[in-house]
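Going down the list, the sequences are from chains A and B.
Just so you know, we're using numbering that gives the first Met the number 0 here: the first sequence kicks off at 0 and counts up by one.
Just so you know, we're using numbering that gives the first Met the number 0 here: the second sequence kicks off at 0 and counts up by one.
Protein chains: 2
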Amino acid sequence: MGIKVLKTCTELQSHVRKLKSANNTIGMVPTMGALHAGHLSLVKYAIEVTDETIVTIFVNPTQFAEGEDLDKYPKTFEADLEKLAYLNVPTVFAPSNDEMYPPGCSTRIVPADVSRPLEGEFRPTHFGGVVTIVLKLLNLTGADKAFFGQKDFQQVMVVKQMVADLNLATEIVACPIVRESDGLALSSRNVYLSKDERVRSLALRKTLGHFKKMISLGERDAQALMSEMQQMLIDNGVSSIDYAVVANPNSLQAYDQIEFPVVALIAARVGATRLIDNCLIESG
Amino acid sequence: MGIKVLKTCTELQSHVRKLKSANNTIGMVPTMGALHAGHLSLVKYAIEVTDETIVTIFVNPTQFAEGEDLDKYPKTFEADLEKLAYLNVPTVFAPSNDEMYPPGCSTRIVPADVSRPLEGEFRPTHFGGVVTIVLKLLNLTGADKAFFGQKDFQQVMVVKQMVADLNLATEIVACPIVRESDGLALSSRNVYLSKDERVRSLALRKTLGHFKKMISLGERDAQALMSEMQQMLIDNGVSSIDYAVVANPNSLQAYDQIEFPVVALIAARVGATRLIDNCLIESG
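See the structure below:
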């Protein structure tokens with residue numbers, strides 16, 4: 000047995016051809032490594048519902064902007080492999096930058112309109128990088144299903160829209176957010192948090208909990224909800240807020256009066272670390 | 000028997016699944032209809048080298064700019080079907096605009112750098128539309144090979160680069176230019192030419208013949224070649240020249256002194272009709 004690490008597109012394509020010709024369904028879990036229990040929940044689910052799981056580990060430079068944390072993004076490759084081997088993942092694809100973006104590689108994807116607000120406003124080049132690498136990986140793995148975490152709520156929407164718009168056959172599967180016992184959503188970036196920041200980072204979860212409670216108490220005024228969310232984030236020690244909004248989860252359009260389903264989405268900094276979280280409510 | 004015309008993506012995908020599960024290789028010939036012997040040469044070659052040929056007929060609006068000939072582009076659907084049936088093409092995919100671009104469809108492809116000069120300068124949105132529809136059709140048909148005419152020289156380069164950049168498994172096959180007996184390259188747009196313009200349209204072929212002769216006589220000065228080509232186009236009655244250049248066919252970069260391989264590329268108007276043609280010389 001043992002986990003197989005493929006480094007080149009050619010190796011991966013040849014592996015995939017073998018899997019396909021034996022009629023295996025393929026599940027892809029795209030990651031940037033620094034694996035945590037959130038990633039592993041995707042992997043476990045992929046193993047459960049497809050014949051062969053391919054986990055990709057690639058810190059994709061095109062989804063980071065100048066001044067973002069590309070260089071310091073945590074790298075824990077050996078530990079990642081151990082975790083995946085423990086789950087009996089058969090194959091990891093871990094290419095180099097040059098393998099994914101060889102000289103001359105210049106075709107890019109412009110993500111769908113749903114990429115424009117929220118993350119798109121604060122990280123205008125981010126989703127372009129995401130959909131380009133996701134499409135390349137989907138093409139390489141020939142995945143029947145690909146698994147993404149619901150923490151990146153807008154990312155899931157953008158990827159699903161790409162799959163529909165480009166007539167891909169892959170099913171995009173969104174899996175629930177995994178949290179620390181105190182409620183912080185798991186993220187590879189949580190390691191950046193100091194002890195004090197780690198406490199303050201709970202502001203996001205607390206605020207989403209409050210959002211949920213206000214909805215259950217009958218609050219339907221979107222502006223009132225968003226004002227309270229902003230206030231609560233600041234009161235609980237976030238350093239700055241990119242956005243804290245409630246929206247239609249199918250379009251990301253704002254509500255005046257809340258209807259269902261509804262999602263609350265937050266991006267905020269605690270110290271220098273940018274955290275995102277969200278809470279989806281299906282019905283009132 | 001009889002030719003099968005599929006109108007929806009769902010029908011096509013279900014057809015393709017059947018073909019794939021029976022281990023057929025699939026050849027795709029993407030067209031905008033108004034089929035001529037150039038298209039049919041692609042179809043014949045596709046039938047020869049793949050198990051199942053799918054011809055697509057779709058006048059793709061996203062590759063036409065405002066003011067171009069989208070509305071008057073020739074439509075000869077019944078005649079097209081007859082020609083394809085005569086070649087025993089089993090399946091035609093002929094979707095509506097809404098089927099290919101349903102409401103909300105907004106993901107787009109930015110073509111590779113090689114799309115920027117020449118056609119890209121004169122039709123800046125053209126190749127974006129081309130690669131977006133080609134990618135969608137490749138995904139729908141699951142084509143092992145897709146067939147393009149060498150008349151659209153730069154298009155073939157842009158599509159090949161997309162396939163490489165996005166790690167698609169499809170092989171892009173370029174087929175030779177087919178010409179009228181007097182040398183005019185076949186194009187669906189030739190029907191726009193008046194009798195007088197039809198005579199003047201031979202300027203392109205004559206000029207490329209002259210280019211070939213000058214090369215064979217030892218001319219290696221790119222500027223001298225291009226000046227003569229421009230002069231000859233005008234002397235033979237073209238109305239205006241978009242470009243008449245010699246370039247490296249692997250990069251489209253200009254030569255000072257000609258090396259091999261070399262390609263001469265022309266885009267010129269005869270009356271209101273824009274014609275393109277080219278001539279590739281592999282070695283001196």
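Idealized CB from N, CA, C, for every residue including glycine.
List the residues of chain A that residue i touches, going by C-beta distances under 7 Å, in chain order.
{"i": "ARG107 (chain B)", "result": "VAL109"}
{"i": "ASP164 (chain B)", "result": "CYS104, SER105 and THR106"}
{"i": "ASP112 (chain B)", "result": "SER105"}
Bridge partners of residue i, per DSSP?
{"i": "LYS30 (chain A)", "result": "Residue identity differs from the one stated: residue 30 (chain A) is Thr in this sequence, not Lys. Beta-bridge pairing links THR30 (chain A) to A:ILE56."}
{"i": "GLU170 (chain A)", "result": "A:LYS144"}
{"i": "ALA36 (chain B)", "result": "Its beta-bridge partners do not exist; DSSP assigns none."}
{"i": "ALA202 (chain A)", "result": "Its beta-bridge partners do not exist; DSSP assigns none."}
{"i": "GLU51 (chain B)", "result": "B:ILE25"}
{"i": "ALA45 (chain B)", "result": "In DSSP, ALA45 (chain B) forms no bridge with anything."}
Helix, strand or coil: which one does DSSP assign to residue i?
{"i": "ASN277 (chain B)", "result": "strand"}
{"i": "GLN297 (chain A)", "result": "Outside the displayed span of chain A (0 to 283) sits residue 297 (chain A), for which this structure offers no information."}
{"i": "GLU196 (chain A)", "result": "helix"}
{"i": "ILE176 (chain B)", "result": "coil"}
{"i": "GLY148 (chain B)", "result": "strand"}
{"i": "ALA142 (chain A)", "result": "coil"}
{"i": "ILE214 (chain B)", "result": "helix"}
{"i": "ILE2 (chain A)", "result": "coil"}
{"i": "ALA21 (chain B)", "result": "coil"}
If the cut is a Cβ gap below 8 Å, which residues of chain A does residue i touch?
{"i": "ASN247 (chain B)", "result": "Neighbours of ASN247 (chain B) on chain A: none; closest Cβ ~13 Å, over 8 Å."}
{"i": "ASN138 (chain B)", "result": "LEU165, ASN166, LEU167 and ALA168"}
List, in chain order, every chain B residue whose beta-carbon is nearer than 9 Å to that of residue i.
{"i": "GLN160 (chain A)", "result": "GLY103, CYS104, SER105 and THR106"}
{"i": "CYS8 (chain A)", "result": "ASN166"}
Residue i: beta carbon under 7 Å from a heavy atom of the ligand FMN?
{"i": "GLY32 (chain B)", "result": "Ligands displayed in this structure: none; no statement on the ligand FMN is therefore possible."}
Could you work out which residues of chain B lie near residue i, taking near to mean beta carbons separated by less than 7 Å?
{"i": "LYS135 (chain A)", "result": "LEU165 and ASN166"}
Would you mind telling me which residues of chain A sit closer than 9 Å to residue i, beta carbon to beta carbon, in chain order?
{"i": "GLN12 (chain B)", "result": "ASN166 and ALA168"}
**Message:** Could you tell me which whole beta strand (DSSP E) segments of length 3 or greater appear in the region 216-274 of chain B?
**Reply:** 239-246 and 261-269
**Request:** Scan the region 54-95 of chain B and note each continuous beta strand (DSSP E) run of 3 residues or more that stays entirely inside, going in chain order.
**Result:** 90-92
**Prompt:** Per the contact definition of three or more C-beta pairs closer than 8 Å, is the region 56-71 of chain B in contact with the region 203-223 of chain B?
**Reply:** no
**Item:** Sufficient close CB pairs (3 or more, under 8 Å) joining the region 268-283 of chain A to the region 209-220 of chain A
**Value:** yes
**Asked** Counting only runs that start and end within the region 96-139 of chain B, where is the beta strand (DSSP E) found for 3 or more residues in a row?
**Response** 107-109
**Given 8 Å, three or more beta-carbon pairs between the region 33-52 of chain B and the region 158-177 of chain B** = yes
**Cβ contact (3+ pairs, closer than 8 Å) linking the region 106-115 of chain A and the region 71-82 of chain A** = no
**Message:** Using a Cβ distance threshold of 8 Å, determine whether the region 92-100 of chain B contacts the region 129-145 of chain B, with at least three qualifying pairs required.
**Reply:** yes
**Request:** Say whether the region 139-149 of chain B touches the region 10-20 of chain B, bearing in mind that this needs 3 or more beta-carbon pairs closer than 8 Å, one atom from each stretch.
**Result:** yes
**Item:** the region 194-205 of chain B contacting the region 249-262 of chain B, beta-carbon criterion three pairs below 8 Å
**Value:** no
**Request:** Decide yes or no for the touch test of the region 225-245 of chain A against the region 266-273 of chain A: beta carbon pairs closer than 8 Å, at least 3 of them.
**Result:** yes
**Item:** Sufficient close CB pairs (3 or more, under 8 Å) joining the region 81-93 of chain A to the region 120-127 of chain A
**Value:** no
**Item:** contact_flag[the region 21-29 of chain B, the region 224-232 of chain A] where n(CB pairs < 8 Å) is 3 or more
**Value:** no
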